[in-house]
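Report on the structure given below.
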Amino acid sequence: MDLVFILTVLIVVCALAFDFINGFHDTANSIATSVSTKALKPRQAILLAAVMNFAGAMTFTGVAKTISKDIVDPFTLSNGTVVILAALLAAIFWNLLTWYYGIPSSSSHALIGSIAGAALAAEGLDSLNYSGFIKIIEALIFSPILAFTIGYIIYSIFKVVFKNFNLTKTNRVFRYIQVATAALQSFSHGTNDAQKAMGIITMALIANGYQSTNDVQSWVQLSCALAMGLGTSVGGWKIIKTVGGKIMKIRPINGVAADLTGAAVIFGASALHVPVSTTHVISSGILGVGASHRLKGVKWDTAQRMLVTWVITLPITAFIAGIFYFILNLFF
């Protein structure tokens, strides 16, 4: 059997595995607030998130095209199949490690850092498409800042509008509203995060001569959507506990503000065809809401640990991907 075909199949399998892991690793963020406030029971929240993630993944492909061409050029990358496989293995390793310890690390950072690290190991500094890579890094940096700001503003507006309302009745109403906002946030997650695996598979198909454009084929979109939906159905309880309770005590009105913030920023990024970290966006939105509600109510030590993880993910995954590349290069 052709070695190129075997490697391509391996990449597709690993990309779908990454998407599945992403489903229970990152999707936990999109339903954490609704579970924390008891707006939804855990099983209900996971089922809702799985369906909405699938729907979101089937709706957009713009981010996939960005992933497939803006970090490295698959048309010119020599030994590109090994580069892509090494990147996937490194991203999967990091996602599983951070999931095991309940750390809401970014799958986006892991994948992008891994692609860059494997490409650098293969061809050095000239391998990166710097204009596209910088655009992606800028989106990853500024989206959490934007989410924090929007979360702060939305909750500040809520405080003014609902200040004379009965707190118990208001929270009861917002608990129902939160079902809709959790669905909206899960849908937005699918429009961005599922695209990353689609982009990887498309990159592999181009590098191995199976297609000549960066258009996402229908079977690629469907398989990635299914993988993320199935991964979501497994659930990520450890990360739900961190995001849903260890940043701040979340009430329904806080949760709605945070959900609206996350969905708005992620939808904006998907419309601009740029990948963002849903982990960063959702967690930063919660921090913004918490800061607006009561600064002392935010558990800043948890936020600090999360920030450290966000900062180190790119360089660590790049290093791990480089090691995987050198190992794989001995065999392929």
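Our numbering numbers the first residue of the sequence shown as 908 and each following residue consecutively. Just so you know, even glycine gets a beta-carbon here, dropped at the ideal spot from N, CA and C. As the structure is a computational prediction, the values presented were derived from the model and not from experiment.
Closest by C-alpha distance to Thr1220, out of Met1110, Lys1042, Ile1022, is Ile1022. By the Cβ neighbour-count rule, Leu1003 is exposed, with fewer than 16 other Cβ atoms within 10 Å of its own. Leu1035 is bridged by DSSP to Val979. If you ignore the 5 residues before and after Gly969, its C-beta comes within less than 7 Å of the C-beta of Ser1177, His1180, all in its own chain and listed in chain order. Rounded to whole angstroms, the Cβ separation of Ala946 and Val1086 is 6 Å, and the two are in contact under 8 Å. Counting only runs that start and end inside the region 934-968, the alpha helix (DSSP H) elements of at least 4 residues fall at 949-964. The Cβ neighbour count for Tyr1059, taken over all protein chains shown within 10 Å, is at least 16; the residue is labelled buried. Inter-residue distance for Leu1032 and Met1110 is about 19 Å (C-alpha atoms, whole angstroms). Shown here, Arg1158 sits in coil according to DSSP, grouped into three states, outside any helix or strand.
In this chain, Thr1120 is not harboured by any alpha helix (DSSP H), its DSSP state being neither H nor E.
Judged by DSSP secondary structure, Leu1091 falls within the alpha helix (DSSP H) whose first and last residues are 1074-1099. By the 16-neighbour rule on beta-carbons within 10 angstroms, Phe927 is buried.
Taking Gly1039 as the centre and dropping the five residues before and after it, the same chain places the C-beta of Thr973, Lys976, Asp977, Ile978 closer than 8 Å to its C-beta, in chain order.
Comparing alpha-carbon positions, the option among Leu1027, Ala1026, Leu995, Ile1064 lying closest to Ser1015 turns out to be Leu995.
Listed in chain order, the non-local C-beta contacts of Ala962 below 7 Å within the same chain comprise Phe1094, Gly1097, local neighbours out to five positions each way being set aside. Counting along the chain, Ile991 sits inside the alpha helix (DSSP H) bounded by residues 987-1007.
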